[in-house]
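Colleague: Dumping the structure here so I can ask a few things about it.
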Amino acid sequence: IVPKIFFGGKMMTNIHPKDELNSLIFSGVQTFLRLPHQTDPHQLDVALVGVPLDSGTIYRNGTRFGPREIRIHSATVRKYNPAIQTNPYENLRVADYGDIDVNPFSIEDAHLKIEHGIQAIIDADTRPLAIGGDHSISLPILRALARKHGYGQLGMIHFDAHRDTSPEYFGQKYYHGSPFRCAIEENLLNPKKMIQIGFRGQTSDEKAFDFQIEHGITMIPIEEVFERGISYVGQMIQELNDEGQFYLSFDIDVVDPAYAPGTGTPQVGGLSSFQALQLVRSLQGIDFVGCDLVEVSPPYDSAGITSLLAANLMFEILCVL
Ligand code: MN
Ligand code: MN
């Protein structure tokens, strides 16, 4: 990202989170990562935008409370990342952009509002990091991004216990199991530059992977992640990086329910929280034009551990950006 030096003829200064040494982390108005609330996207390089939707869930709901709860737990995240020697706020102007007012009664209207909300961010040459919300929110985000960055161009790094390429369910096309089937059918992504990491669990039949095979989507199921190791997965991701542009979609359910129980469709046998951090760190050098972190459902959480992990993953994603 080229730093924006001037705005309105003025030299722009860096934005820093509230200093934890001089203000209590358990007090005050909650924003993502204790950053200021900034609704003008032109002032930012990255907008942290909440998308409190759960109308697309088919099992447990509650992701509408994701952004609010992640804000609370993000207060404990500090500025400097010793593991990769990065302070993201030195190179990026990031703030809490607020939430998109989605329509909780109509998923089509909610998606329209998300698309318009994201459009306003990317029209300002600012990158959205969307905090969900259920996984259906990726589709309207990709609709806005493809309009700007080209149809059929964007690659995607997708962490998930599920493939999210399911066909219609009870006559409903748009829900959290289908965003990437719709995105490919609408030519929003380049499936040859798509990698899905962490799939596990059962399928309805042995033909479940036909869509992936037909479109040339790379899949690394969880068995392969564990047999070949995190650094192998990092290499596979980097092999896909062709200097083009990518989208990052991180479904918290890629993490084992022991570490992330607060989610809509938990699946046993997943990553540890540390492995999730390692995988995000392996994304350095990829040009992400937008990202999401989805499927955190606070009502099903225990002691806030899922929201706490999500808050840390949000910070790690900023370090990669
Ligand atoms: Mn998903
Ligand atoms: Mn999932």
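Mind the numbering: the sequence shown is residues 189 to 509 in this note's numbering, read in order.
C-beta atoms are modelled at their ideal positions from N, C-alpha and C, and glycine is treated no differently.
Using a threshold of 7 Å, is the CB atom of residue 441 nearer than that to any non-hydrogen atom of ligand 3?
Modeller: The model depicted lacks ligand 3 and carries ligand 1 and ligand 2 instead.
Colleague: Quick check: the region 296-305 against the region 449-459, are there 3 or more CB pairs under 8 Å?
Modeller: no
Colleague: According to DSSP, what are the bridge partners of residue 319?
Modeller: 238, 481
Colleague: For residue 226, count neighbouring Cβ atoms within 10 angstroms of its own Cβ and tell me buried if that reaches 16, exposed if not.
Modeller: Buried.
Colleague: Does ligand 2 have a heavy atom nearer than 7 Å to the CB of residue 374?
Modeller: no
Colleague: Comparing the CB of residue 225 with every heavy atom of ligand 1, is any distance shorter than 7 Å?
Modeller: no
Colleague: Report yes if the C-beta of residue 163 is less than 7 Å from at least one heavy atom of ligand 1; otherwise report no.
Modeller: The structure shown does not extend to residue 163, since the chain spans only 189 to 509, so no value can be given for it.
Colleague: Is it the case that the Cβ atoms of residue 452 and residue 329 are separated by a distance below 8 Å?
Modeller: Not closer than 8 Å, so no.
Colleague: Roughly how many angstroms separate the alpha carbons of residue 483 and residue 323, rounded to a whole number?
Modeller: 6 Å
Colleague: Contact defined as beta carbons within less than 8 Å: I believe residue 203 pairs with residue 283. What is the distance between those atoms, to the nearest angstrom?
Modeller: Between residue 203 and residue 283 the beta-carbon gap is near 6 Å, inside 8 Å, which marks them as a contact.
Colleague: Give every residue of the same chain whose Cβ lies closer than 7 Å to the Cβ of residue 372, excluding the five residues on either side of it in the sequence, and list them in chain order.
Modeller: 379, 403
Colleague: How would you call residue 158, buried or exposed, if buried means at least 16 neighbouring beta carbons within 10 angstroms?
Modeller: Since the first and last residues shown for the chain are 189 and 509, residue 158 lies out of range.
Colleague: If we count the other Cβ atoms within 10 Å of its Cβ and call it buried at 16 or more, is residue 491 buried or exposed?
Modeller: exposed
Colleague: With a cut-off of 8 Å, do at least 3 Cβ pairs link the region 306-317 to the region 218-238?
Modeller: yes
Colleague: Spatial neighbours of residue 438 within its chain, please: CB distance less than 6 Å, with the 5 preceding and 5 following residues excluded, ordered by chain position.
Modeller: So the list reads 347, 481, once near-sequence residues are dropped.
Colleague: Could you check which residue in 375, 250, 262 has the C-alpha nearest to that of residue 208?
Modeller: Its Cα nearest to that of residue 208, the residue 262 stands out among 375, 250, 262.
Colleague: Tell me, which residues are paired with residue 346 by DSSP?
Modeller: 384, 437
Colleague: Taking the alpha-carbon positions, what's the residue 391 to residue 337 distance?
Modeller: Roughly 34 Å between the two C-alpha positions.
Colleague: Does the Cβ of residue 268 have 16 or more other Cβ atoms within 10 Å, making it buried, or fewer, making it exposed?
Modeller: exposed
Colleague: Is residue 204 helix, strand or coil when you go by DSSP?
Modeller: coil
Colleague: For residue 357, list the residues DSSP reports as bridge partners.
Modeller: 360
Colleague: For the beta strand (DSSP E) holding residue 283, just list the boundary residues, first then last.
Modeller: In the DSSP assignment, residue 283 falls within the unbroken beta strand (DSSP E) covering 282-287.
Colleague: For the beta strand (DSSP E) that residue 213 lies in, which residues bound it at each end?
Modeller: First-last for residue 213: undefined, no H or E at that position.
Colleague: Indicate, with yes or no, if ligand 2 has a heavy atom lying under 7 Å from the CB of residue 430.
Modeller: no
Colleague: Identify which residue in 265, 288, 340 has its Cα closest to the Cα of residue 255.
Modeller: 288
Colleague: Going straight from the alpha carbon of residue 498 to that of residue 332, what length do you get?
Modeller: 24 Å
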